[in-house]
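**Student:** For the record, in the sequence shown the residue sitting at position 329 is 912 according to my numbering, with numbers rising by one throughout.
This structure is in structure tokens; I'll ask about it shortly.
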Amino acid sequence: MHYKRIYLSLSHQSGFEQEYVQKALNSNWITSGGPNVDDFEKELQNYFGEGCFTTALNSGTSAIHLALILLGVKSGDEVICQSMTFAASANPILYQGAIPIFVDSEAETWNICPQSMELAIKDRIKKGKKPKAIIAVHLYGMPYKVDEIHAIADKYEIPIIEDSAEALGSKYKGNKCGSFGSFGILSFNGNKIITTSSGGALVSNSSDLKEKAIFYATQSKDKAPHYQHSKIGYNYRMSNICAGIGLGQIKILEENVEKRRKNHFFYKDVFSEIKSVKLLEALDQNFFSNYWLNTIIIETDKNRDKESLRLSLESANIESRPLWKPMHLQPIFDKYPYYGNKIAEGLFNNGLCLPSGSNLKEEDRDRIEKVIKTFFNC
Ligand SMILES: *Cc1c(COP(=O)(O)O)cnc(C)c1O
């Protein structure tokens with residue numbers, strides 16, 4: 584019995600990718616920027632609607648870095664960051680020589696906790712420095728508590744960078760994730776909801792900010808016939824080949840969201856009778872998740888824990904993975920301040936991500952269900 588491996592999160596192709604990539608090859612436009620990049624940005628702008636400006640970049644990480652630069656974050660500044668996230672949310676803070684201030688999650692969306700965040704802001708101000716920015720994440724596609732978080736940020740006049748890398752297609756109160764912050768960022772990495780193989784985008788609210796982002800992303804070239812630079816530049820622009828893949832992929836964004844949500848309702852059904860498992864679900868009607876990944880918390884007992892379930896799935900050639908390990912517990916970040924009540928730690932200790940790709944087939948879901956039901960004796 585050699586079952587094909589079921590992966591955690593893969594996208595699938597629309598079939599149109601090749602045509603756009605071929606167009607780039609035929610025209611010999613095989614560099615960063617170019618017609619596919621312009622068209623891909625237009626598609627993204629159409630998705631977000633009027634007032635949103637998108638800059639296509641080579642990764643979501645670059646997008647966060649540029650957002651920090653455009654907000655004027657400099658060496659020694661403090662930046663609040665959700666602790667429960669992927670390291671790419673926090674690393675760019677260190678690129679700028681700034682200081683990350685980590686904040687815990689709340690138990691309902693698993694995202695940045697409003698109370699802990701306000702405590703952190705007050706304490707940092709008391710200690711002499713108001714945070715320069717807040718990085719809030721829609722983890723696993725689940726929107727954070729947008730109203731609460733933005734009300735606090737507004738009260739203290741601190742801009743938000745909305746890490747929407749996992750949440751393209753998600754909504755809060757009917758509005759699109761990625762469009763709430765001073766800046767939003769997207770990722771088109773291979774495991775995300777749509778992919779450009781590797782890529783990302785910065786979402787802003789003015790053409791001026793978009794122009795500035797392109798300036799920094801293309802080595803900060805001043806206007807001159809020769810190469811002239813008065814600012815540090817970066818090589819962060821998306822390539823015309825990658826944007827071709829993106830043009831093929833964006834056609835199936837809605838379809839991918841539907842497929843991932845179908846996986847979610849499959850898991851909801853599987854776990855409905857398993858009392859020792861809690862599946863992360865939308866809190867109420869205000870939260871519309873693309874369910875990029877389905878995630879569960881397992882009540883640990885002497886027979887079962889997240890690792891034994893992971894190993895059972897693995898022995899059936901099914902990939903699963905522990906939740907993100909919080910940043911304040913990471914060797915590279917553990918010397919920085921942390922505010923919270925160890926919610927994120929509890930999630931990490933007992934949580935698992937389950938296969939959720941838009942490429943999952945009915946027979947894949949059947950295989951997953953069998954392993955889970957055997958594991959929980961039902
Ligand atoms: C994927 C991801 C990023 C970074 O995106 P890349 O395109 O891989 O650089 C940032 N934040 C979160 C939460 C992510 O999942």
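Every residue gets a Cβ at the ideal spot worked out from N, C-alpha and C, and that includes glycine.
Helix, strand or coil for Cys664? Go by DSSP, reduced to three states.
**Tutor:** Within the sequence shown, the letter at position 81 stands for residue 664. Cys664: strand per DSSP, three-state reduction.
**Student:** Go ahead and pull the three-state DSSP assignment for Ile652.
**Tutor:** If you number the sequence shown from 1, residue 652 lands on position 69. Looking at Ile652 - three-state DSSP - the assignment turns out to be helix.
**Student:** Taking Cβ positions, are Thr638 and Ala796 nearer each other than 7 Å?
**Tutor:** In the sequence shown, the residue the question calls residue 638 occupies position 55. In the sequence shown, the residue the question calls residue 796 occupies position 213. Contact flag set, yes.
**Student:** At 3 residues or longer, what runs of the beta strand (DSSP E) sit wholly inside the segment 769-818?
**Tutor:** Within the segment 769-818, the complete beta strand (DSSP E) runs of at least 3 residues are 783-787.
**Student:** How should Ile926 be labelled, buried or exposed, when 16 other C-beta atoms within 10 angstroms of its C-beta is the threshold for buried?
**Tutor:** The count along the sequence shown starts at 1 and reaches residue 926 at position 343. It counts as buried.
**Student:** When the Cα atoms are used, what is the spatial distance from Ile835 to Gly616?
**Tutor:** If you number the sequence shown from 1, residue 835 lands on position 252. If you number the sequence shown from 1, residue 616 lands on position 33. Straight-line Cα distance between these residues: approximately 23 Å.
**Student:** Could you tell me which residues DSSP pairs with Lys861 in its beta bridges?
**Tutor:** The residue given as residue 861 occupies position 278 in the sequence shown. In the DSSP output, where bridge partners are listed per residue, Lys861 has Ile880.
**Student:** Please report the straight-line C-alpha distance between Ile589 and Asp949, rounded to a whole angstrom.
**Tutor:** To locate residue 589, count along the sequence shown from 1; it is residue 6. To locate residue 949, count along the sequence shown from 1; it is residue 366. Cα to Cα, Ile589 sits roughly 12 Å from Asp949.
**Student:** Would you mind working out which of Ala807, Arg887, Ser803, Asp867 sits nearest Gly757, comparing C-alpha positions?
**Tutor:** Your numbering for residue 757 matches position 174 in the sequence shown. When each option's Cα is compared against that of Gly757, the closest is Asp867.
**Student:** Just list the alpha helix (DSSP H) runs in the segment 885-943, keeping only unbroken ones of 4 residues or longer that don't cross its boundaries, in chain order.
**Tutor:** Within the segment 885-943, the complete alpha helix (DSSP H) runs of at least 4 residues are 889-898, 926-933.
**Student:** Rounded to whole angstroms, what is the Cα-Cα separation between Ser822 and Cys961?
**Tutor:** What you label residue 822 is simply residue 239 of the sequence shown in a count that begins at 1. What you label residue 961 is simply residue 378 of the sequence shown in a count that begins at 1. Cα to Cα, the separation comes out at about 50 Å.
**Student:** Compute the minimum distance between the beta carbon of Ser592 and the heavy atoms of ligand 1, and state whether it is under 6 Å.
**Tutor:** Counted from its first residue, the sequence shown places residue 592 at position 9. No.
**Student:** Specify whether the segment 912-925 and the segment 882-895 touch according to this definition: at least 3 beta carbon pairs, one from each stretch, less than 8 Å apart.
**Tutor:** Output reads no: the segment 882-895 does not touch the segment 912-925.
**Student:** Is it buried or exposed for Asn619, if we count other Cβ within 10 angstroms and need 16 for buried?
**Tutor:** Here residue 619 refers to the residue found at position 36 when the sequence shown is read from its first residue. Classification of Asn619: buried, given that the 10 Å Cβ count is 16 or more.
**Student:** Would DSSP call Ser592 helix, strand or coil?
**Tutor:** As a first step, residue 592 is located in the sequence shown; it is residue number 9 there, counting from the start. Three-state result, Ser592: coil.
**Student:** Assign Leu830 to one of two classes, buried (16 or more other C-beta atoms within 10 Å of its C-beta) or exposed (fewer than that).
**Tutor:** To locate residue 830, count along the sequence shown from 1; it is residue 247. Answer is buried; the Cβ neighbour count reaches 16.
**Student:** In terms of DSSP beta bridges, what is Thr637 paired with?
**Tutor:** Taking the first residue of the sequence shown as 1, we reach residue 637 at position 54. Per DSSP, Val786.
**Student:** Does the beta carbon of Ser642 fall short of 6 Å from some heavy atom of ligand 1?
**Tutor:** Here residue 642 is taken as the residue at index 59 of the sequence shown, counted from 1. Ser642 Cβ: within cutoff of ligand 1.
**Student:** Just the C-alpha distance for Tyr850 and Glu856, rounded to the nearest angstrom, thanks.
**Tutor:** By 1-based counting over the sequence shown, the position of residue 850 is 267. By 1-based counting over the sequence shown, the position of residue 856 is 273. Cα-Cα distance, rounded: 11 Å.
**Student:** Per DSSP, what are the beta-bridge partners of Val686 in this structure?
**Tutor:** Looking up residue 686 in the sequence shown gives position 103. Gln665, Tyr922, per the DSSP bridge assignment.
**Student:** Hey, Phe766 and Ile744: beta-carbon distance below 7 Å or not?
**Tutor:** Position 183 of the sequence shown, counted from the first residue, corresponds to residue 766. Position 161 of the sequence shown, counted from the first residue, corresponds to residue 744. It is a contact, given that the beta carbons lie within the stated cut-off.
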